[in-house]
Amino acid sequence: MIEVHKIVEQLSCPTGSLGLEVGEKMNSANGGMIKNTLAVLDMEDKDTVLELGYGNGYHIQAFFEQHPNVQYVGLDISELMYKEANQRNSSFVRAGKARFDLYDGGMIPMADNSFETVFTVNTIYFWNKPRAFVAEICRVLKANGKLVLAFVHQQSMKQLPFEACGFEVYDLAKLKSILQGFPMVIQSAESTTEQVTSNTGEKVNREYLIVNVVYNPKNKKQPNHA
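Position in the sequence shown counted from 1, then plus 493, gives you my numbering.
Next comes the structure, spelled out in structure tokens:
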């Protein structure tokens with residue numbers, strides 16, 4: 494069996510043949526979570542959306558089936574996933590509908606006020622400086638833009654051996670604490686419980702949250718980004 498710390502490293506930044514394997518397992522384990530996240534993205538034609546952490550991009554086909562007339566941009570820290578996502582979605586890339594890029598996981602290399610929506614699934618555990626990263630998200634969102642976050646509830650995460658290996662686990666209260674002071678308001682927070690096979694091969698019941706946050710820059714605040 495693969496050691497837990499190696500799985501954690503791969504979940505954060507997939508590399509090599511093991512990274513390919515973990516990427517496919519993430520598709521299976523997170524399929525329902527991603528599907529439900531895509532379903533709540535409320536976007537209009539010609540909107541531009543940013544996804545943080547696209548993995549191997551297997552869900553992009555489903556994304557465009559639901560949102561055929563939006564512009565998709567994705568950022569990921571894994572060179573392996575960058576190659577996989579571009580290859581898997583080459584038709585969307587050639588058509589100019591999708592663009593996959595790399596970044597360092599901290600600074601978002603996009604202009605201010607670029608996106609109507611930012612969404613991310615199962616990346617919040619790896620945000621090195623969460624409040625600084627929220628500030629970056631605010632910077633690239635347009636006024637009244639939305640941030641949609643999906644993550645496994647901390648009580649479910651504690652059933653797995655990941656917390657001791659660098660995962661920062663969250664519940665709604667902890668998310669509110671990192672948003673505090675920013676001009677952002679939680680519009681909705683939906684909880685779902687499902688049974689999945691984890692990346693360590695265990696059958697587990699896990700609760701996850703999909704949180705919809707609205708950015709309103711008219712509500713001027715000066716948070717501490719540390």
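Every residue, glycine too, gets a C-beta built ideally from N, C-alpha and C.
Note on residue 571: 16 or more other CB atoms within 10 angstroms of its CB, so buried under the neighbour-count rule. Nearest to residue 553 by C-alpha distance, out of 670, 533, 527 and 535, is 527. For the stretch 520 to 585, the full-length beta strand (DSSP E) segments reaching 3 residues or more read 541 to 545 and 564 to 569 along the chain.
For residue 629, the enclosing alpha helix (DSSP H) covers residues 623 to 633. With respect to residue 543, residue 586 sits apart: the two C-beta atoms are not nearer than 7 angstroms.
About 6 angstroms separates the Cβ atoms of residue 679 and residue 704, confirming a contact at the 8 angstroms cut-off.
Boundaries for residue 601: no beta strand (DSSP E) harbours it, and the DSSP string shows neither H nor E there. In chain order, 617, 661 and 671 place their CB closer than 8 angstroms to the CB of residue 623, counting only its own chain and leaving out the 5 sequence neighbours on each side. Taken through DSSP and simplified to helix, strand or coil, residue 688 comes out as strand. Judged by DSSP secondary structure, residue 696 falls within the beta strand (DSSP E) whose first and last residues are 696 to 708. A distance below 6 angstroms between beta-carbons, with the five flanking residues on each side excluded, links residue 592 to the following residues of its chain, in chain order: 566.
Taking C-alpha positions only, residue 626 is separated from residue 598 by approximately 8 angstroms.
Boundaries of the beta strand (DSSP E) around residue 608: 608 to 614. By the Cβ-count criterion, residue 548 is buried, with 16 or more other Cβ atoms from all chains shown falling within 10 Å of its own Cβ.
Under the three-state reduction of DSSP output, residue 660 falls in the coil class, being neither helix nor strand. In this structure, residue 531 keeps its C-beta atom at 7 angstroms or more from the C-beta atom of residue 557.
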